[in-house]
Amino acid sequence: MSNQNLVSQSEVIMNLKDINLSFGGLKALSEVNLQIKKGEILAIIGPNGAGKSSMLNIISGIYVPQKGVVEWKGKIRKKIAPHNIARMGIARTFQNIALFKGMSALENILTGRNILMKRNLIMEMIYMGLGRRQEEKHRKKAEEIIDFLEIQAIRKTPVSRLPYGLQKRVELGRALALEPELLLLDEPMAGMNVEEKEDMCRFILDVNEQFGTTIVLIEHDMGVVMDISDRVAVLDYGIKIADGTPDEVRSEQKVIDAYLGAG
Amino acid sequence: MNRDFVTLDTFPKILRDNAKVFKGRPSVREKEHGIWQITTWDEFYNKALLLAEAFYASGLRRGDKIAIIGDNRPNLYLSIASAQILGAIPVPCYQDSVASEIQYILEHAEAKLAVVENQEQVDKLFEIKEKLPLLKTIFYDDPRGLEKYDEKEIFSLGVIFNKNREINLDLDQEIDKTTKDDISIMLYTSGTTGRPKGVLLSYNNIVSVTSVACEIEKTTPKDEVVAYLPMAWVGDNIFCVAQSYISGFCINCPESRETLTLDMREIGPTYYFAPPRVWESMLTQLMVRMQDASKIKLWAFNFFMKVAKKWGNPILDKKSVPIIARILYGLGYFLIYGPLKNNLGLTRVRIAYTAGEAMGPDTFLFYRSLGINLKVLYGQTEATVFVALHRDGDVDPNTVGPAFPGVEIKIADGEVFYKGPGVFKGYYKNEDATKETIDKEGWVRTGDAGVIDANGHLKIIDRAKDVGKLNSGNMFAPKYIENKLKFSGIIKEAVAFGDKKGFVTCFINIDLEAVASWAERNNVAYSGYIDLTGQLSVYDLIAKEIDKVNRDLSQDTELNDSQIKRFLILHKELDADDGELTRTNKVRRGLISERYGVLVDAFYNNKNNCFIETEVTFEDGRKGSISADLKIKDMDIYDLKDQVT
Chain A
1 MSNQNLVSQS EVIMNLKDIN LSFGGLKALS EVNLQIKKGE ILAIIGPNGA
51 GKSSMLNIIS GIYVPQKGVV EWKGKIRKKI APHNIARMGI ARTFQNIALF
101 KGMSALENIL TGRNILMKRN LIMEMIYMGL GRRQEEKHRK KAEEIIDFLE
151 IQAIRKTPVS RLPYGLQKRV ELGRALALEP ELLLLDEPMA GMNVEEKEDM
201 CRFILDVNEQ FGTTIVLIEH DMGVVMDISD RVAVLDYGIK IADGTPDEVR
251 SEQKVIDAYL GAG
Chain B
1 MNRDFVTLDT FPKILRDNAK VFKGRPSVRE KEHGIWQITT WDEFYNKALL
51 LAEAFYASGL RRGDKIAIIG DNRPNLYLSI ASAQILGAIP VPCYQDSVAS
101 EIQYILEHAE AKLAVVENQE QVDKLFEIKE KLPLLKTIFY DDPRGLEKYD
151 EKEIFSLGVI FNKNREINLD LDQEIDKTTK DDISIMLYTS GTTGRPKGVL
201 LSYNNIVSVT SVACEIEKTT PKDEVVAYLP MAWVGDNIFC VAQSYISGFC
251 INCPESRETL TLDMREIGPT YYFAPPRVWE SMLTQLMVRM QDASKIKLWA
301 FNFFMKVAKK WGNPILDKKS VPIIARILYG LGYFLIYGPL KNNLGLTRVR
351 IAYTAGEAMG PDTFLFYRSL GINLKVLYGQ TEATVFVALH RDGDVDPNTV
401 GPAFPGVEIK IADGEVFYKG PGVFKGYYKN EDATKETIDK EGWVRTGDAG
451 VIDANGHLKI IDRAKDVGKL NSGNMFAPKY IENKLKFSGI IKEAVAFGDK
501 KGFVTCFINI DLEAVASWAE RNNVAYSGYI DLTGQLSVYD LIAKEIDKVN
551 RDLSQDTELN DSQIKRFLIL HKELDADDGE LTRTNKVRRG LISERYGVLV
601 DAFYNNKNNC FIETEVTFED GRKGSISADL KIKDMDIYDL KDQVT
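Structure, rendered in structure tokens:
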């Protein structure tokens, strides 16, 4: 990877220490340590039920681990309300697309700007002063994202009418509208055809390169993971069994066993 | 506006004048960030001066060549203007050409500089950089993805426009130095045969021809045109650039290729040109979508289209028609034609052209019956486009119209020759080809076989070299037959064979959209293109269309023998990336008959099916292969006396 050296020297923006998470008697994660470095693309992989989504939910703050510490930029993060997660600069997309189906692509992306908008009901009603400036500013940002993701042609199309691959792209657009520092992608390529996957890979790399956004993604397509990630963490039955560059992980015996079944 | 194009005889001079005369009026519009951004004539001129200085600083001098590669973007049009100010010669290239094609052109043209649209084109040039020692500097328009490139020889146009003028270069003087005999632009012909040739057009060629065209069509600064056809095509340089310079109207650049229809609707161009392919696919799409309309709407559509078919053309030609017809047509306009035109973005179209290929009379008359003043234009790069053109009130769908003012046409040995002010200055570095094309008296060989009819209209039959003979001794004009086939909405491309053979056969490419829609309606299941093309029911569908053509041909004494006896549906679309079509989508006959030779042999060896494997090139340059077992179907042949109804 091109920015490998750059990443390895850079600071850790999120440090997860000894994470334990269980639902009743079911242990989803045990003693997981994971560091997320600024500017990297980190993939979390593992067989079904390995705890990948749980991990992502802990990173995003939806779940609070029973035991263990989450440090965000060097400070210990307590339980926080979901809308404050976005303010911290963390955005995500979902495994099953979660867009507002009746709204256009542009409107969906604008919802991502919601927390950045300053409100003044009266000014907005008469569309003057602050209201107008806000509208222009956020629309401009949304348009930049539309340009970036090359979805100009569907700007005003209701998302329910879009094919799956484009809906995924709109969802990425909405996450980008937050101007996040950390972007979480839950299976961004699931259900896509080869061409859509290639497009999505390019956009993920471009986001990382152009905006310097740190990206954590869960993905099943090994080809994709090995191609675009700077670092790969492997989970199996809630335990982290490997963590390193794609090449290191690929040759790790434990990973081979987890995927192919130990002999 | 009457301006004196004797003193304003070059584009840089006209542009300098436009900056004063049309100050504050839009010259180029581009949709960016969802909003149409306007550059006025004076801004355009000032930017062109800035860029000219940057070009000069990069070593571009009088007579040097500069390559322009990309979609229709204002900054690329600007680059052409800036190069011309310095007396350099712009060489636009087809933006979807693969690296090797670009390499040939840049090598042959000895381009020193290149201005490209985006990262894709920059990468393409880097791929071939080693083979182009003369190419020193690359300027790019869209910086996306290029920030991290640390090569020293690439520059962003955006950075240049943000600077002030630095060099002490008297650009006014540079502009004055341009003369009407200077080369304005060099355009590479797409080349149906052999390597592309660089056509040199002088300012005199373009200005004299274009000002006549503007006069005929009475273009004004209020006209609007949407620039969407390749910049390397001569038409874009005449219809968009040259006519906009001379009339002062605005060029509108669409946001992206996908948004073209939307952008057309927003701009509402008054002046529109499209190859027959575009008009035809627009009609096919329309008909496919009409199939989904409710019964009452479909009925109204069919009823009023009949009205339009009967009365639309006379009304457009300003002939007298019964009052009842006028009322019906008016009602039809309100209910059907108006909304339809609006949907296609053609509401305001005042002048519409089609050129490049023959167009089906039905398609042609369909648009005219809607009140769109569609006319056929016959031209060539070598003629600065215009050779023949329909005039208002004198339109015949079977011809390409009378000669353009100032152009003389003669037919010698069945081939069309012309002479006029637009005749090019020669092919770049190719004396032999120039001599072959222009004779001593200035007649230019078109390579097209044609006749002049009783009304003085020129009628084109085929490429002269493609016209062959059947074993019976009768003429075989493949393109004539292919065009007849292509007039059907479900046939996208056809290639006919028959020269020195006993009968005519042909390959068919289906129109995927139309046939897929038919398949859906008729419960025909298929897994993909290859599967669909191999279905017997699709063969039957195509056979019906061919039968129509055969019946039509059987009526003609000359062409009775040209009825299609056998055909097959190809398992892949003919594609420019595979070299089977030119970049302007014309069939490369020689290459196809070579590549698909086994299929042609199967036709004449009485086989009923044939296996073939072909190599395909993907957009990113990778290669793969597809194979299929193709069926061959026989057709009925009609006798001349069988006047079938």
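First to last, the sequence lines map onto chains A and B. Residue numbers for the first sequence follow this note's numbering, beginning at 1 and rising by one. Residue numbers for the second sequence follow this note's numbering, beginning at 1 and rising by one. We treat Cβ as the ideally placed atom computed from N, Cα and C, and that holds for glycine. Remember, predicted model here, so these are calculated numbers, not experimental data.
Residue i, DSSP secondary structure in three states
| i | result |
| --- | --- |
| Q173/B | helix |
| A525/B | coil |
| K124/B | helix |
| E32/B | strand |
| L217/A | strand |
| Y353/B | strand |
| Y188/B | strand |
| K501/B | coil |
| T40/B | strand |
| G468/B | strand |
| Q95/B | coil |
| E493/B | strand |
| A325/B | helix |
Residue i to residue j span [Cα, whole Å]
| i | j | result |
| --- | --- | --- |
| G264/A | V12/A | In the structure as shown, chain A begins at 1 and stops at 263. Residue 264/A is therefore absent and cannot be evaluated. |
| K129/B | Y228/B | 28 Å |
| L286/B | A519/B | 17 Å |
| P82/A | I90/A | 10 Å |
| I76/A | I138/B | 50 Å |
| G450/B | M282/B | 28 Å |
| Q173/B | T10/B | 14 Å |
| G597/B | I637/B | 24 Å |
| L536/B | E493/B | 19 Å |
| A352/B | L374/B | 5 Å |
| K38/A | G129/A | 38 Å |
| S2/A | S82/B | Confidence is the limiting factor: at S2/A the pLDDT is only 45, short of 50, which leaves the residue's position unreliable and the question unanswerable from this model. |
| R202/A | D17/B | 46 Å |
| G24/A | P254/B | 58 Å |
| A232/B | T557/B | 42 Å |
Residue of the options minimising C-alpha distance to residue i
| i | options | result |
| --- | --- | --- |
| L99/A | P158/A, G25/A, I204/A, V224/A | P158/A |
| Q95/B | C250/B, R257/B, D17/B | R257/B |
| R144/B | D147/A, I41/A, A142/A | D147/A |
| D176/B | L377/B, G338/B, A19/B, I85/B | I85/B |
| G165/A | D199/A, K156/A, R155/A | D199/A |
| N343/B | G597/B, E266/B, E153/B | E266/B |
| E171/A | G74/A, K101/A, G49/A, V70/A | K101/A |
| R566/B | R583/B, G498/B, D620/B | G498/B |
| S53/A | N15/A, H220/A, Q35/A | H220/A |
| E224/B | F273/B, P339/B, D639/B | F273/B |
Terminal residues of the beta strand (DSSP E) in which residue i lies
| i | result |
| --- | --- |
| P143/B | Looking at the DSSP string, P143/B is not in any beta strand (DSSP E), and its letter there is neither H nor E. |
| A28/A | 26 to 37 |
| W72/A | 67 to 72 |
| S277/A | The first residue shown for chain A is 1 and the last is 263, placing residue 277/A beyond what the model contains. |
| P314/B | P314/B -> not in any beta strand (DSSP E); alpha helix (DSSP H) instead, spanning 295 to 316. |
Endpoints, the alpha helix (DSSP H) within which residue i is located
| i | result |
| --- | --- |
| K565/B | No alpha helix (DSSP H) holds K565/B; the beta strand (DSSP E) holding it covers 564 to 569. |
| Y539/B | 536 to 554 |
| I251/B | I251/B -> not in any alpha helix (DSSP H); beta strand (DSSP E) instead, spanning 250 to 253. |
| Y418/B | Careful: Y418/B lies outside any alpha helix (DSSP H), inside the beta strand (DSSP E) at 415 to 419. |
| S202/B | Careful: S202/B lies outside any alpha helix (DSSP H), inside the beta strand (DSSP E) at 198 to 202. |
| N609/B | That residue, N609/B, is in no alpha helix (DSSP H); its beta strand (DSSP E) goes 609 to 617. |
| F17/B | The sequence shown places Asp at residue 17/B, not Phe. Residues 11 to 21. |
Min CB distance residue i to chain D below 7 Å
| i | result |
| --- | --- |
| G34/B | Absent here is chain D; the protein component of the structure consists of chains A and B. |
* Inspect the CB distances between the stretch 537 to 549 of chain B and the stretch 630 to 640 of chain B and report whether three or more fall short of 8 Å. => Between the stretch 537 to 549 of chain B and the stretch 630 to 640 of chain B, the count of Cβ pairs shorter than 8 Å is three or higher; the stretches touch.
* Asked: Touching or not, the stretch 484 to 504 of chain B and the stretch 451 to 464 of chain B, by the rule of three or more beta carbon pairs under 8 Å?
  -> The stretch 484 to 504 of chain B, when compared against the stretch 451 to 464 of chain B, does not touch it at the 8 Å Cβ threshold.
* Asked: Can at least three beta-carbon pairs, one atom from the stretch 316 to 325 of chain B and one from the stretch 548 to 563 of chain B, be found at a separation below 8 Å?
  -> By the Cβ test, the stretch 316 to 325 of chain B is not in contact with the stretch 548 to 563 of chain B, since fewer than three Cβ pairs between them sit closer than 8 Å.
* Using 8 Å as the Cβ pair cut-off and three pairs as the minimum, do the stretch 133 to 148 of chain A and the stretch 70 to 84 of chain A touch? -> No contact exists between the stretch 133 to 148 of chain A and the stretch 70 to 84 of chain A.
* Cβ contact check for the stretch 42 to 56 of chain B and the stretch 211 to 222 of chain B: 3 or more pairs under 8 Å -> The stretch 42 to 56 of chain B makes no contact with the stretch 211 to 222 of chain B: fewer than 3 CB pairs, one atom from each, lie closer than 8 Å.
* Asked: Are the stretch 296 to 307 of chain B and the stretch 327 to 343 of chain B touching, with three or more C-beta to C-beta distances below 8 Å?
  -> Yes: at least three Cβ pairs fall under 8 Å.
* Asked: Just checking, does the stretch 365 to 373 of chain B make contact with the stretch 410 to 426 of chain B on the three C-beta pairs under 8 Å criterion?
  -> Short answer: they don't touch.
* Does the count of Cβ pairs from the stretch 601 to 608 of chain B and the stretch 175 to 194 of chain A closer than 8 Å reach three? -> Flag = no, the stretch 601 to 608 of chain B and the stretch 175 to 194 of chain A do not touch.
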